[in-house]
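Below is one structure; the comments refer to it alone.
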Amino acid sequence: MSDPRTTELSNVSTTVLGADEIILNMGPQHPSTHGVLRVKLKLDGERVVDSECIIGYLHRGVEKIAEHRSYQQFAPYVDRMDYVAAVSNGLGYCEAVEKLLGAEAPLRARVVRTILTELQRIASHLLWLGTHALDIGALTPVFYCFREREEILKIFEKYCGARLTTHAFRIGGLQYETYDGFEQDVKRFCDDFTHRIDEYETLLTENRIWVGRTKGVGILSAADAIALGVTGPVLRASGVKWDLRKAMPYAAYDQYKFEIPTRETGDTYDRYVVRMEEMRQSRLICLQAIENIPAGPIMARIGKVLKPPPGEVYHSIEAPKGELGYYIVSDGTTQPYRVRVRPPSFINLQAFDKMARGSLVADVVAIIGTIDIVLGEVDR
Amino acid sequence: MANDPSEKDSASKPPASGAESKPVAPGAPVEKPAVPAAPAAPKAAAPPAKEAPPKPVPLDNELVQRLKARFGEAIREATLDRKQAIVTIAAEQLREISRYCRDDEKFDMLVDLTAVDWPKREKRFDVVLILYSFAKNERVRLKAHAAENEPVPSVCEIWPAANWLERECYDMFGIVFEGHPKLTRILMPDEWQGYPLRKDYDILKQDTDWVRENLGIESGQ
Amino acid sequence: MRLVLPVLYAVVIVAVLPLLAGYIVLMERKVMADMQARLGPMRVGPHGLLQPIADAVKLLLKEDIIPEKADRLLFWLAPLVSVTMALLAYAALPIGPAFQIADLNIGLLFILAVSSLGIYGIVLGGWASNSHYSLLGALRSAAQLVSYETAAGLGLISALLLAGSLSMRDIVIAQYDQGMWFIFYVPIGFFIYMVGSIAETNRAPFDLPEAESELVAGYMTEYSGFRWSLYFLAEYANMIIVAGIATTLFLGGWLRPFASFHDHLPGTPIELLDALPSLLVLGVAAYCFFLAPKQPVKIQKLVMALVGGLCLAIAGILAGSLFASPAVLQGVHGAFWFMAKVFAYLYCFLWFRFTFPRYRFDQLMRLGWRFLIPLALVNLITMATALLISREWGWSLRITSILAIVVTLAVAMWLAKNDQVDSAVPVAEGE
């Protein structure tokens, strides 16, 4: 069916186009929109007066599919939403179903889950950094970031056989034991990683051009962020010191010490600094965790056929992009009655209009990059 | 996994038997049409587990008491399911209750707004709002029942986050939010017919409709 | 008869330049890859050495698409203007004492003027594309070029003061006479010229009009195939021109390091330092031979060995010219040093492209007008003062120029601090 959104010029806002205003369309295919995102900008000269994000190009009906799959069968689908950070998605879902069942994964499984999730956080932030820098014109960091990301993906591949859509966790724990040399691999990565991050920081953090392109761009105040439901690094950069790993700990996070980086202004530079620091903190968590992975079973005893008692649960985790929540309603059968995914990218993207208004066209690309969206999660 | 501190408020009375969720569309005014029959079914349906299987129990903590004191009948029911607080409210009062929750109870963030479809129920949609309070580090779930063509008040002016979330509910379920600045489809194409997440919407129906419309014959499925 | 040599030189330049530009592109891709921890073109020819040929063939064979409502004459003319002006500037550029098409007594002015004409090609291209985004991109590009050319020109003048003549040849000879490359007298002038020339050639970090990830498309968008390759050629030819100007004015042109230092090998008229080029190239050849056995694939070994052999041949020529007449010696070695310096300057261009993010257009213009041009003016004034003092009062030019540099640096730091090169959007405004 033809998509009328591409042919009709629906109003960006309901006001009439002034004489000097033009509507600029950053179409679904664009090198910098990180996926199939369409942004309509109403410009007054160089300044953005109004904006509208048109999404849904990647809508695959994941929530509908969930109603026709059993709980275990649905687990691989969640990886495909935020495909850049698949392990986190899996963690959220498995923990939500475990809550629904009233079960808990054994400690060993939770610790390994923590390690893999933190590695995934680093990988996700690396991809964000590379593409964000590329949009702003720094051509080199993207290759360095992917080089590091490659190391993490190799660890995933050795662990569960897949690099991107890993399906690393199972409901109730883990399917696979950690492989021989897992701790050494993670430790080697973490040891190398500090001076790699220093490399990126050398290239970017104090660079006058980088600072000039990111400071003061796309400011989001804390009050706006909270009102818009924004979570994750975007919220922390706006000054709200809140992280689900500390506020409502899950997996094994309550055992480790780490900081929550926060900044004040909420501009693009602050979001950059927050994510860089988060990578360092994730590395610290990994190091603490691999010191001591407790022995024990990796799977809870929940049986093969999962029929959670009727009821509902909402469980969320701190995914790299924000608060990723699963609201699962069970009617007592083997298939969930309703699975609702609370997508951080979708809700964070709502804040785009607030951030982009009043900024220049050349900054729009930087603002889209700084929210860190993955269209798979926005559209599901 | 302690994810919701509502357990610290739990004071369970003996499980109320009848309070089945079914039809009483407890308070959630119009969020989305068709709030599925609240999962407040405390029946221990089935899964045998070593520990007692989790099941919803009625809830009467301070928050619920204050709500009941303020809104009386609009608060239809309050349960604690898997240690998470769920308050079923009257759909008409959604906006007032939301405002009270935001301003007085300090639930300043709207975490999620969604709907569940219970087609066999008279008010088929359960409109669900999940709220979070930074100050209290606490979550609460508000639920409102709405019938198929019944509009639900929009909470956009209380939490701007609700804008796209309500659009998605409208898109997926057909629940109309009154007072929403621009209620249009968000994920599906603008001219899509039907509401995909309803239980009576499935691929078979899409196929028969399309074939009938475009080929003029009955689908052979 | 007097025309034969210049015509020959012109033919050589027009023939060699496209090939050279292509190989500079390859060099850029290889250097880019090296900085990005990867290999670059490797498939087409061993180590990607045939990549420029493949690209050229592809571009020539591409379908020639002209937008429907485009102005055909201008569309055809625009890249032509750019390329012609770029090539024309080579007329006055001395690639060695013996290789210069025309030694104009206003050589430098000629080159600058002709390069400026190249801007017409950009504006015409943007206009002829009949797309308002192309036009905007072209106008921006033109504005950027004009602003930074002003600054670059002012930077050049500070070196010109020392040379006393606009003729390219005389400028180099002045550096020989004064025994020091002008960069040591006016390093800030060199810096200004370098930044200005990067912006003039639309290179990063000033390549907003050309960037793929920006919203406003550049003037080259509607051009494809051969027409696009003409623009591309113009850009790289311009790069070589500005490198040539910088080399001539600041880096001593074709002079070898320590050109006035004549230390002969005992008993021969051969100067020690003249052996340097052949030794350097010999070193490169040795490195190639060293690497050759380590290549993974046979043909790569072969190519490495061939490159080593080529270097040996060049070293031989360089050494051989030591025993030939002084004119030949000057010619060959001069060309070598000139090209070495031009390549070093171009390497810096590549280096900056892959290190720095891109400036936004308003930041770029602000940098040009509020930092670079004032700095260039101050530099000019201080340098002129230094020169005057040294001539009138007899102080050593080296000392006065150091004083001038210190003053200019102080002003530069004051300017940099005052000039907030950050977001142009105060949040309070326009909300």
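Protein chains in written order, with the working numbering: chain W, -5 to 374; chain Y, 1024 to 1244; chain L, 458 to 888. Just so it is clear, CB atoms sit at the ideal spot from N, CA and C, and this is done for glycine as well. For clarity, every value in this text was computed on a predicted model and none was experimentally measured.
Cβ pair residue i, residue j closer than 7 Å
i, j, result
"cysteine 88 of chain W", "phenylalanine 163 of chain W", "yes"
"threonine 259 of chain W", "glycine 212 of chain W", "no"
"phenylalanine 639 of chain L", "leucine 618 of chain L", "no"
"methionine 273 of chain W", "isoleucine 191 of chain W", "yes"
"isoleucine 296 of chain W", "alanine 97 of chain W", "yes"
"alanine 1185 of chain Y", "leucine 1133 of chain Y", "yes"
"isoleucine 322 of chain W", "valine 307 of chain W", "yes"
"glycine 653 of chain L", "alanine 694 of chain L", "no"
"glutamate 142 of chain W", "leucine 120 of chain W", "yes"
"phenylalanine 806 of chain L", "arginine 660 of chain L", "yes"
"proline 1081 of chain Y", "threonine 1111 of chain Y", "no"
"threonine 208 of chain W", "alanine 80 of chain W", "no"
"alanine 527 of chain L", "serine 598 of chain L", "no"
Listed by chain order, chain L residues near residue i by CB distance under 9 Å
i, result
"tyrosine 138 of chain W", "Gln493, Ala494"
"tryptophan 424 of chain W", "Absent from the structure is residue 424 of chain W, since the part of chain W shown begins at -5 and ends at 374."
Proximal residues of chain Y, C-beta to C-beta of residue i below 7 Å
i, result
"glycine 55 of chain W", "Pro1219"
"glutamine 23 of chain W", "Near glutamine 23 of chain W there are no residues of chain Y at all, since even the closest Cβ is about 17 Å away, more than 7 Å."
"isoleucine 365 of chain W", "Simply none; closest approach about 14 Å."
"tyrosine 71 of chain W", "Those do not exist, as tyrosine 71 of chain W stays about 15 Å from chain Y at its closest Cβ, beyond 7 Å."
Spatial neighbours of residue i in its chain, beta-carbon cut-off 6 Å, leaving aside the 5 residues before and after
i, result
"aspartate 1104 of chain Y", "Pro1079"
"proline 1059 of chain Y", "Per-residue confidence for proline 1059 of chain Y stands at a pLDDT of 41, beneath the threshold of 50, marking its modelled position as unreliable; the derived number appears in the next sentence. These residues qualify, in order along the chain: Val1139, Asp1140, Trp1141, Asp1149."
"glutamate 40 of chain W", "Leu354, Val355"
"leucine 602 of chain L", "Ile576, Glu657"
"glycine 363 of chain W", "His126, Asp129"
"asparagine 83 of chain W", "Val72, Asp73, Met75, Asp76"
"threonine 865 of chain L", "Ile645, Val835, Asn836, Thr839"
"valine 1047 of chain Y", "Residue placement at valine 1047 of chain Y is poorly supported in this model, since its pLDDT is 38, which falls under 50; the coordinates still yield a value, given next. Closer than 6 Å at the Cβ level, and outside the excluded window around valine 1047 of chain Y, lie Arg1099."
"tyrosine 1155 of chain Y", "Met1132, Val1134, Arg1162"
"glycine 233 of chain W", "Ala216, Glu258"
Amino acids of chain Y, ordered along the chain, whose beta-carbon sits closer than 9 Å to that of residue i
i, result
"leucine 94 of chain W", "Pro1077, Arg1105"
"glycine 50 of chain W", "Asp1194, Arg1208, Ile1209, Leu1210, Met1211, Pro1212"
Contacts that residue i makes with chain L (C-beta to C-beta distance below 8 Å)
i, result
"leucine 197 of chain W", "Thr812"
"arginine 141 of chain W", "Ala494"
"alanine 127 of chain W", "Pro814"
Close beta carbons around residue i, own chain, < 7 Å, minus the five adjacent residues each side
i, result
"lysine 1055 of chain Y", "Because lysine 1055 of chain Y sits at a pLDDT of 40, beneath the cut-off of 50, its placement in the model cannot be relied upon, and the following sentence gives the value as read from the coordinates. Counting only Cβ-Cβ distances below 7 Å, and skipping sequence neighbours, we find Ala1138, Phe1148, Val1150, Ala1169, Val1175, Cys1192, Phe1196, Ile1198."
"valine 764 of chain L", "Cys745"
"serine 573 of chain L", "Glu606"
"arginine 63 of chain W", "Gln329"
Neighbouring residues, chain W, relative to residue i (Cβ below 8 Å)
i, result
"proline 662 of chain L", "Gly131, Ile203"
Within chain L, the residues that residue i reaches when beta carbons sit closer than 7 Å
i, result
"threonine 134 of chain W", "Met492, Gln493, Phe811, Thr812"
Neighbourhood of residue i by C-beta distance below 8 Å, restricted to the same chain and skipping five residues each side
i, result
"threonine 812 of chain L", "Met492"
"alanine 478 of chain L", "Phe689, Leu690, Tyr693, Ala694, Ile697"
"phenylalanine 683 of chain L", "Leu516, Leu517, Lys519, Asp521"
"tryptophan 826 of chain L", "Ser604"
"valine 469 of chain L", "none"
Partner residues on chain W for residue i, Cβ-Cβ distance less than 7 Å
i, result
"proline 1183 of chain Y", "Ala221, Leu222"
Contacts that residue i makes with chain Y (C-beta to C-beta distance below 8 Å)
i, result
"valine 307 of chain W", "Asp1104, Arg1105, Gln1107"
Proximal residues of chain W, C-beta to C-beta of residue i below 9 Å
i, result
"arginine 1164 of chain Y", "Glu306, Tyr308, Tyr321"
Cβ contact (3+ pairs, closer than 8 Å) linking the segment 209 to 228 of chain W and the segment 306 to 320 of chain W: yes
Meets three-Cβ-pair contact criterion under 8 Å: the segment 548 to 566 of chain L and the segment 461 to 468 of chain L: yes
Segments assigned beta strand (DSSP E), at least 3 residues, entirely inside the segment 321 to 361 of chain W: 332 to 336
Uninterrupted alpha helix (DSSP H) stretches inside the segment 619 to 680 of chain L (no shorter than 4 residues): 625 to 635, 644 to 657
Any alpha helix (DSSP H) of 4 or more consecutive residues that is wholly inside the segment 192 to 245 of chain W: 202 to 208, 216 to 221, 227 to 231, 238 to 241
Contact the segment 677 to 691 of chain L vs the segment 840 to 850 of chain L: 3+ CB pairs below 8 Å: no
Three-pair Cβ contact test at 8 Å for the segment 703 to 721 of chain L versus the segment 792 to 799 of chain L: yes
Given 8 Å, three or more beta-carbon pairs between the segment 586 to 603 of chain L and the segment 499 to 508 of chain L: no
Three CB pairs or more closer than 8 Å across the segment 697 to 712 of chain L and the segment 536 to 552 of chain L: yes
Runs of beta strand (DSSP E) wholly within the segment 484 to 530 of chain L (minimum 3 residues, chain order): none
Complete beta strand (DSSP E) runs within the segment 1142 to 1168 of chain Y (minimum length 3 residues, chain order): 1148 to 1156
Uninterrupted alpha helix (DSSP H) stretches inside the segment 722 to 790 of chain L (no shorter than 4 residues): 733 to 748, 755 to 777
Segment contact flag, the segment 233 to 250 of chain W with the segment 174 to 183 of chain W, C-beta cutoff 8 Å, min 3 pairs: no
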